[in-house]
Amino acid sequence: MAGRGKTLGSGASKKATSRSSKAGLQFPVGRIARFLKAGKYAERVGAGAPVYLAAVLEYLAAEVLELAGNAARDNKKTRIVPRHIQLAVRNDEELSKLLGDVTIANGGVMPNIHNLLLPQENRRRLEGSWR
1 MAGRGKTLGS
11 GASKKATSRS
21 SKAGLQFPVG
31 RIARFLKAGK
41 YAERVGAGAP
51 VYLAAVLEYL
61 AAEVLELAGN
71 AARDNKKTRI
81 VPRHIQLAVR
91 NDEELSKLLG
101 DVTIANGGVM
111 PNIHNLLLPQ
121 ENRRRLEGSW
131 R
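Structure, rendered in structure tokens:
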């Protein structure tokens, strides 16, 4: 039968490989494809769209995790908590812009003391530092 693909021989079965492993990703391409189809974002979903979206989501997650891990290490902690994620996101200019309207539960606020509330000698020292 010409044109029917390769035959695997007698009784040989090919091991199934996921689309995530084919793309070299950790995020589930099949699940993202299912969500895109079920969400009715479009009538049809191309084959490359869920792979690309999974890659983008994986990159963003890795970026946030790396910065949050650095924030946890700076605070001498070994476990990342929401506070570390908040500090990581708000200290990064691009992530802060991307997640500007997002509230991180139990994230707290960014530490900031207005210049006028500082003691007089500290105020002079801080004002001289930015000139």
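Numbering (the UniProt record's numbering) for the sequence shown: 1 to 131.
Glycine is no exception: its CB is placed at the ideal position from the N, C-alpha and C atoms.
Remember, predicted model here, so these are calculated numbers, not experimental data.
{"Asked": "Cβ neighbours of Met110 in the same chain (closer than 6 Å, five flanking residues each side left out)", "Found": "Arg90"}
{"Asked": "Helix, strand or coil at Tyr41 according to DSSP, with G and I counted as helix", "Found": "coil"}
{"Asked": "Touch test, the segment 53-68 against the segment 27-36, Cβ-Cβ under 8 Å, three pairs minimum", "Found": "yes"}
{"Asked": "Proximity of Phe100 and His84 at Cβ, strictly below 9 Å", "Found": "What sits at residue 100 in the sequence shown is Gly, not Phe. No, the pair does not count as a contact, with Cβ atoms beyond the cut-off."}
{"Asked": "Gly107, enclosing alpha helix (DSSP H) - first and last residue", "Found": "Per DSSP, Gly107 belongs to no alpha helix (DSSP H) and is neither H nor E."}
{"Asked": "Beta-carbon separation (whole angstroms), Pro82 vs Ala105, contact threshold 8 Å", "Found": "6 Å"}
{"Asked": "Assigned secondary structure, Asn91 (DSSP; H/G/I helix, E/B strand, else coil)", "Found": "helix"}
{"Asked": "Beta carbon of Phe27 nearer than 9 Å to that of Ala61", "Found": "yes"}
{"Asked": "Nearest-angstrom Cα separation, counted from Val64 out to Arg79", "Found": "14 Å"}
{"Asked": "Of the listed residues Tyr59, Gly107, Leu116, Glu58, nearest to Ala71 (C-alpha basis)", "Found": "Gly107"}
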